[in-house]
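Following: one structure in structure tokens, then a few remarks.
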Amino acid sequence: MSRFVSVWFRHLITDWFSVRQPSLKSKPFVVTAPSHGRMVITAVNAVAASGGLYPGMVLADARALVPGLTAMDHRPNLSATLLHKIAEWCIRFTPCVAVDEPDGLLLDVTGCAHLWHGEEKYLATIVKRLEERGYSTRAGMADTVGVAWAVARFGKHSVIKSGTDTEAMWHLPPEALRLEPEVVERLYKLGLRQVHDFIGMPRPALRRRFGAALLLRLDQAMGRATETIHPVQPAEPWQERLPCLEPIITATGIAIALERLLDVLCQRLVQSEKGLRLARFKGYRVDGKIEQVEIGTHRPSNNKKHLCKLFEDKLTTIEPDLGIELFVLEAPTVEAHTPGQSALWETSRGLESIRLSELIDRIAGRVGADRIHRYLPDEHHWPERSIKPAGSLQQQPAIPWTLERPRPLQLLARPEPILVTAPIPDYPPMLFRYQGHLHKIAKADGPERIEAEWWLRNGEHRDYYYVEDEDGQRYWLFRLGHYQSDQPVQWFLHGFFV
2 MSRFVSVWFR
12 HLITDWFSVR
22 QPSLKSKPFV
32 VTAPSHGRMV
42 ITAVNAVAAS
52 GGLYPGMVLA
62 DARALVPGLT
72 AMDHRPNLSA
82 TLLHKIAEWC
92 IRFTPCVAVD
102 EPDGLLLDVT
112 GCAHLWHGEE
122 KYLATIVKRL
132 EERGYSTRAG
142 MADTVGVAWA
152 VARFGKHSVI
162 KSGTDTEAMW
172 HLPPEALRLE
182 PEVVERLYKL
192 GLRQVHDFIG
202 MPRPALRRRF
212 GAALLLRLDQ
222 AMGRATETIH
232 PVQPAEPWQE
242 RLPCLEPIIT
252 ATGIAIALER
262 LLDVLCQRLV
272 QSEKGLRLAR
282 FKGYRVDGKI
292 EQVEIGTHRP
302 SNNKKHLCKL
312 FEDKLTTIEP
322 DLGIELFVLE
332 APTVEAHTPG
342 QSALWETSRG
352 LESIRLSELI
362 DRIAGRVGAD
372 RIHRYLPDEH
382 HWPERSIKPA
392 GSLQQQPAIP
402 WTLERPRPLQ
412 LLARPEPILV
422 TAPIPDYPPM
432 LFRYQGHLHK
442 IAKADGPERI
452 EAEWWLRNGE
462 HRDYYYVEDE
472 DGQRYWLFRL
482 GHYQSDQPVQ
492 WFLHGFFV
């Protein structure tokens with residue numbers, strides 16, 4: 002059975018002003034906005050409401066009733082912004098929190114209350130924590146969104162036992178069904194002042210007199226029609242949560258929380274033959290801030306020890322401050338993962354590949370994933386264009402690597418010009434100068450002629466030579482075009498055989 006919580010902020014806007022200016026809390030205080038040439042009240046605090054003031058009242062009339070009334074200017078979209086931020090903060094109680102404008106929140110709390118030792122304590126904790134933040138609230142819990150909403154605003158009991166929603170709505174006014182004011186007014190004119198006065202009437206008669214909206218709200222409240230809520234942060238399917246009885250402030254406690262969450266998440270991944278590529282570890286602090294660290298892997302992984310090591314270096318960046326009351330581990334990116342035993346049958350280097358991937362993950366966690374690159378052969382003749390970045394460790398080359406001739410371990414992105422002395426036609430140079438240093442060639446091999454593809458050819462061919470200087474350093478040089486006695490010859494350095 003699903004369970005929902007509705008939270009009603011009785012004075013949302015004025016509470017926000019009081020949090021920013023505590024002196025306003027004990028004074029009659031309203032928020033106003035211009036309307037048709039007059040200042041009209043849009044929100045009142047509890048003190049002003051006890052004096053008979055209400056939204057929609059003209060400010061001049063309100064000042065006559067309550068001398069010394071303080072008025073603040075209305076801020077557009079403040080209510081929606083506040084509700085969204087509070088909803089994100091309430092994710093510590095359940096992963097599914099939605100905004101219920103203009104003054105409420107809706108929480109899907111199915112399966113959450115046992116973590117707080119029962120529904121009564123769970124709901125009391127939510128209300129208490131919101132009041133500690135300065136907001137006066139009421140809350141209700143029931144099997145349906147409609148009943149939870151009604152109980153929060155009109156009910157005497159906050160928690161409605163499962164299966165007793167009809168009885169809970171029996172003596173509530175029609176407004177508890179979230180009806181339009183016009184429909185409520187017609188119900189009152191006919192003497193239908195409580196839900197039990199019309200809930201048993203024939204449905205065709207209700208439809209004719211009050212419209213289909215009344216029947217829909219009745220069905221939603223009684224659970225006969227489904228009602229979905231739209232959370233501010235869609236819940237990740239691969240997510241685990243760990244609430245804390247007492248706020249955690251030590252590094253050891255944070256590490257233990259991570260291990261417990263990884264243990265549960267990795268077991269789920271193994272059972273589903275999945276592995277994560279991206280994981281986030283979040284800590285919800287008592288002061289409302291969220292601490293977060295993130296890791297990535299080069300191939301799907303459900304190895305708990307490996308993932309723990311990736312998080313290890315980043316846990317030190319988490320600042321618990323006054324304490325963390327909820328830990329969340331989520332895997333936004335999950336891919337199919339072949340079990341290790343099956344991988345051994347597919348390739349004799351299955352375990353080596355996994356270990357290599359895990360090593361790269363750990364290095365990437367220290368130096369940054371953007372500094373580690375893997376390349377595959379590409380279908381181009383020019384050496385600087387004959388490779389392309391690989392998307393992952395698993396991506397296979399579409400064409401084989403060229404192995405007929407040796408290639409330098411370090412290839413320059415662009416060939417750099419060098420000065421050559423005493424060139425001999427169709428032979429490597431005897432001397433060349435690079436970056437101010439003179440190199441005397443002791444050994445050489447070549448040439449290897451490389452030309453661009455015929456459909457891309459826009460320059461001369463290259464004659465490459467493998468040369469070694471007297472210091473034992475080897476280089477990859479090339480001459481651009483044919484040797485001509487009446488024109489200077491251009492030579493370039495393109496790579497190093499380290």
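Per the working numbering, the sequence shown starts with residue 2, numbered consecutively. Every residue gets a Cβ at the ideal spot worked out from N, C-alpha and C, and that includes glycine.
Here the alpha carbons of H374 and L316 stand approximately 26 Å from one another. In the same chain as G156, and ignoring 5 residues on each side of it, the C-beta atoms closer than 7 Å to its own belong to G141, A169, L173, in chain order. Under the three-state reduction of DSSP, R194 is assigned to coil, being neither helix nor strand. Only buried fits D362, as 16 or more other CB atoms lie within 10 angstroms of its CB. The straight-line gap separating the alpha-carbon atoms of P321 and A258 is approximately 13 Å. Counting C-beta atoms within 10 angstroms of its own C-beta, K283 has 16 or more neighbours from the protein chains shown and is therefore classed as buried. A residue is called buried when at least 16 other Cβ atoms come within 10 angstroms of its Cβ; L410 does not meet this threshold and is exposed. According to DSSP, residue pairing for T334 in a beta bridge involves L279. Three or more beta-carbon pairs separated by less than 8 Å are not found between the segment 212 to 229 and the segment 288 to 296, which leaves the two stretches without contact.
Comparing alpha-carbon positions, the option among L66, A44, N303, I200 lying closest to D74 turns out to be A44. Under the 10 Å beta carbon count, S159 is surrounded by 16 or more other beta carbons and is classified as buried. DSSP places T253 in the helix class (H, G or I) of the three-state scheme. Taking the C-beta atoms as reference points, T334 is found nearer than 8 Å to L277. In this structure, D109 places its C-beta atom within 8 Å of the C-beta atom of T95. Taking a cut-off of 8 Å on C-beta distances, the segment 355 to 372 touches the segment 300 to 313, as three or more cross pairs fall below it. W17 places its beta carbon 8 Å or farther from that of A153.
Annotation for M170: no beta strand (DSSP E) segment contains it, though the alpha helix (DSSP H) segment containing it runs 166 to 170. Take V20, set aside five residues on each side of it, and the residues of its chain with a beta-carbon closer than 6 Å to its own are G135, in chain order. Assigned with DSSP and collapsed to three states, A149 falls in helix.
Looking from the CA of D371, the closest CA among G297, P232, G482 belongs to G297. Here Y123 carries a helix assignment [DSSP, helix/strand/coil].
Ranking A81, H231, V59, T111 by CA distance to the CA of S3 puts T111 first. Straight across, the Cα-Cα distance linking E385 with H440 is about 24 Å. Straight across, the Cα-Cα distance linking E176 with L188 is about 10 Å. Per DSSP, the continuous alpha helix (DSSP H) segment holding A49 begins and ends at 47 to 51. DSSP, reduced to helix, strand and coil, places E320 outside both helices and strands of the structure shown, so it counts as coil. Counting only the Cα atoms, R179 lies some 10 Å from V148. When only Cα atoms are considered, R434 and W492 end up about 11 Å apart. For W90, the enclosing alpha helix (DSSP H) starts and ends at 79 to 90.
Going by DSSP, F18 is part of the alpha helix (DSSP H) stretching over 13 to 21. Listed in chain order, the non-local C-beta contacts of W402 below 7 Å within the same chain comprise P378, local neighbours out to five positions each way being set aside.
Only residues of its own chain outside the window of five on either side were considered, and among them S387 have a CB closer than 6 Å to the CB of H381, listed in chain order.
Judged by their CB atoms, L412 and G496 are nearer to each other than the 8 Å cut-off. In this structure C91 does not touch V100 by the C-beta definition: roughly 10 Å separates them, more than the 8 Å allowed. Beta-bridge partners of K389 (DSSP): L377. The shortest CA-to-CA distance from P398 to any of S358, Y376, Y476, L494 is the one to Y376.
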